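Single-structure report; data block below.
Residue numbers (our numbering): 308 to 443.
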């Protein structure tokens, strides 16, 4: 994979309720390890997805639920039989509940070397304003 970060698409669907679908594949599902940190303008999530690339990652936003999924196909071993392997492949799944403080329209995702970086910009706080009263 190239050294530059690659963009990952985020799909938004607010028309249906956030529910967990039944899995139809008989594969292991891993919960990716994440680091979450806060800056002045963003919440940043770093998710470890070894073996995944931007094409295998699917991120959806349904109402307040941000869902991260990735599917890895088992490696094909041509020309030899695999005698032993400690690295297991499967699917990744992790979900996060977002607060109203996140600007959902500006969420970004980038993938580099098996690490997904989700940038969740903070929404502008509701600003108080003075309402002018006019005479009729």
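Note that CB positions come from ideal geometry on N, CA and C, so glycine has one too. Predicted model only: the values in this text are computed from it and were never measured.
CA-to-CA distance, residue 409 to residue 429, given in whole angstroms: Here residue 429 is taken as the residue at index 122 of the chain shown, counted from 1. Here residue 409 is taken as the residue at index 102 of the chain shown, counted from 1. Going from the Cα of residue 429 to the Cα of residue 409 covers about 5 angstroms.
Buried/exposed call for residue 401, threshold 16 Cβ in 10 Å: One-based indexing of the chain shown puts residue 401 at position 94. That one is buried.
Helix, strand or coil at residue 348 [DSSP, three-state]: Taking the chain shown and counting its residues from 1, one reaches residue 348 at position 41. Three-state DSSP puts residue 348 in coil, outside helix and strand.
Contact the stretch 409 to 426 vs the stretch 344 to 360: 3+ CB pairs below 8 angstroms: Flag = yes, the stretch 409 to 426 and the stretch 344 to 360 touch.
Buried or exposed by the 16-neighbour rule on C-beta atoms within 10 Å, applied to residue 338: Position 31 of the chain shown, counted from the start, is the residue given in the question as residue 338. Burial call: exposed.
Endpoints, beta strand (DSSP E) assigned at residue 376: In the chain shown, residue 376 corresponds to position 69, counting from 1. Judged by DSSP secondary structure, residue 376 falls within the beta strand (DSSP E) whose first and last residues are 372 to 378.
8 angstroms Cβ cutoff met for residue 399 and residue 372: On the chain shown, residue 399 is found 92 positions in, with the first residue counted as 1. On the chain shown, residue 372 is found 65 positions in, with the first residue counted as 1. Taking 8 angstroms as the cut-off, the beta carbon of residue 399 is found no closer than this to the beta carbon of residue 372.
Straight-line Cα distance separating residue 396 from residue 381: Taking the first residue of the chain shown as 1, we reach residue 381 at position 74. Taking the first residue of the chain shown as 1, we reach residue 396 at position 89. Near 6 angstroms, if we compare the C-alpha coordinates of residue 396 and residue 381.
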